[in-house]
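**Q** Here you go, one structure.
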Amino acid sequence: MKIFNDQRIVLTLDAGGTNFVFSALQGGKPITDLLTLPSYSNDLKRCLNTIITGFEKINEAIYPEKAVAISFAFPGPAAYKKGVIINPPNFPGFKNSVALGPFLEDYFNLPTFINNDGDLFTYGESIGGFLTEVNKGFRDFEINKKFKNLIGITLGTGFGGGIVINNQICEGDNSAGGEVWLMRNLLEPEIIAEESVSVRGIQHYYKNLSGESEERSPKEIFEIAIGNENGNKKAAITAYDNMAQVAAEALANIITLIDGAVVIGGGMSGSSELLLPQILKHLNGEIKTRKGEKLNRIVSRAFSFEEKESKNEFYRRATKKVKIPFSSREVEFMANKGIPIGISRLGTSKAIMLGAYAIALNQVENFTLTTKK
């Protein structure tokens, strides 16, 4: 892709509630050491000053070269196209609304692009990660097909997501596309999916099922489930099964509408050996009509790209030929539809940075800075 040969530099930031991590990218790769500073999320003034300090230090590191833009992910809710952050839960100092993008444009005189982290993660994986691997496989197997749609979810503190359709981020008209965390919970329909698909979700299930008074970390629960640590193994396995079922039902609904490949990131994607088989089982399961007729849960069959046999089967699905009416010609097509599902190929942070870099390069030439009053 052209961006990997692009010499333009973009300043970027990984905005966490505890720390900010600053960097600069060129050709889709970091060209400076990562700079970590406390975010001061409770104090707006200190937070903004930290952002200025961080980008100033990165500017010094790339001197005499200059950046063409600033681009990064920041927690919402937000009016991302306007660069306005609207009272994000993880940044109490940003109560009401803060015009963060325009503030940085005024200070640095650089176009500034702020987006949702789930969107940038999915976009990064679409241009240089999982989706590129899927499409390379089509070429390697000499199959005349290319996927252009990607569904991304992140499993961690929360349940994040993003959607790429026809190689473009589906932002939505209100900058509210891909808000998967708000989907209905399969196991507890009165609450949101994120209550099960998150760190707190896995901890809740394990604590309730095991009867233990002490709260375990997701890593500890994972180690218990695979038999590497003492604890209630059955409760640990069930906790991960519950999380997988809720995540899978959310994905089933998205896949039904979007029909795209699926990539999974976030810290808890490291537990994929427990989660992914259950997600595949649910997606390839059944649903019924009122009369009891069984139907496939999703139209396409889901294939795991973490298993060599499943991945090869995805590409080796038989093609069929059908004759064109009143003609001697034939049309070849793939009758059995398939959805590839896999874990982030770039790593979540790197995918977000790549997505931020690509967004900036795509938009910077048509961006007009507003004159500071």
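Residues 866 to 1238 (my numbering) make up the sequence shown, in order.
For every residue, glycine included, the Cβ atom is placed at its ideal position computed from N, Cα and C.
#1: Who are the near neighbours of Cys-912 in its chain, counting only those whose CB is closer than 8 Å to its CB and skipping five residues on each side?
#2: Along the chain, where does the alpha helix (DSSP H) containing Asp-982 start, and where does it finish?
#3: Among the candidates Thr-915, Tyr-928, Glu-1197, whose CA atom is the shortest distance from the CA of Thr-897?
#4: Can you tell me which residues form a DSSP beta bridge with Asn-1161?
#5: Are there 16 or more other CB atoms within 10 angstroms of the CB of Gln-1033, so buried, or fewer, so exposed?
#6: Would DSSP call Gly-1269 helix, strand or coil?
#7: Short check: CB of Ala-938 to CB of Leu-969, under 8 Å?
#8: Could you tell me the alpha carbon to alpha carbon distance between Tyr-972 and Ala-934, rounded to whole angstroms?
#9: Per DSSP, what kind of secondary structure is Phe-1179 in: helix, strand or coil?
#10: What does the alpha-carbon distance come out to for the pair Ser-1209 and Pro-1190?
#11: Let me make sure I understand the geometry here. Which of Lys-1202, Glu-1036, Gly-994 has the alpha-carbon closest to that of Gly-1130?
#12: Starting from the Cα of Glu-1172, find the closest Cα among Thr-1235, Glu-1138, Lys-1188, Ser-1192 and give me that residue.
#13: If I measure Cβ to Cβ from Ser-991 and keep anything under 7 Å in the same chain, skipping five residues before and after, which residues do I get?
#14: For the alpha helix (DSSP H) containing Thr-897, name the first residue and the last one.
#15: Quick check on the burial criterion: 16 or more other C-beta atoms within 10 angstroms. Buried or exposed for Lys-1215?
#16: Cα-Cα, which of Leu-1140, Leu-1122, Ser-1136, Lys-1186 is closest to Ile-1163?
#17: Can you give the Cα-Cα distance for Thr-859 and Ser-1175, rounded to whole angstroms?
#18: The beta strand (DSSP E) with Phe-1168 in it runs from where to where?
#19: Which residue spans inside the stretch 913–954 form an unbroken beta strand (DSSP E) run of at least 3?
**A** Inspection of the coordinates gives the following:
#1: Contacts found: Ser-904, Tyr-905, Ser-906, Phe-956, Gly-958, Phe-959.
#2: Element bounds for Asp-982: 982–993.
#3: Measuring C-alpha to C-alpha distances from Thr-897 to each of Thr-915, Tyr-928, Glu-1197 identifies Tyr-928 as the nearest.
#4: Residue pairing of Asn-1161 in beta bridges, as defined by DSSP: Glu-1151.
#5: With fewer than 16 other Cβ atoms from the protein chains shown falling within 10 Å of its own Cβ, Gln-1033 counts as exposed.
#6: Outside the shown range of the chain, which is 866 to 1238, sits residue 1269, and nothing can be said about it.
#7: Contact flag unset, no.
#8: If you take the alpha carbons of Tyr-972 and Ala-934, they lie about 12 Å apart.
#9: Correct three-state label for Phe-1179: helix.
#10: Cα to Cα, Ser-1209 sits roughly 44 Å from Pro-1190.
#11: The shortest Cα separation from Gly-1130 among Lys-1202, Glu-1036, Gly-994 belongs to Gly-994.
#12: Per the Cα distances, Glu-1138.
#13: The beta carbon of Ser-991 sits closer than 7 Å to the beta carbons of Leu-1015, Val-1029, Asn-1032 from its chain, once the five residues preceding and following it are set aside; these are given in chain order.
#14: Annotation: Thr-897 is outside any alpha helix (DSSP H) and is labelled neither H nor E by DSSP.
#15: With 16 or more other Cβ atoms within 10 Å, it is buried.
#16: Nearest option by C-alpha distance: Leu-1122.
#17: Absent from the structure is residue 859, since the part of the chain shown begins at 866 and ends at 1238.
#18: Looking at the DSSP string, the run of the beta strand (DSSP E) that includes Phe-1168 is 1166–1169.
#19: With a minimum length of 3 residues, the continuous beta strand (DSSP E) runs that stay inside the stretch 913–954 are 932–938, 949–951.
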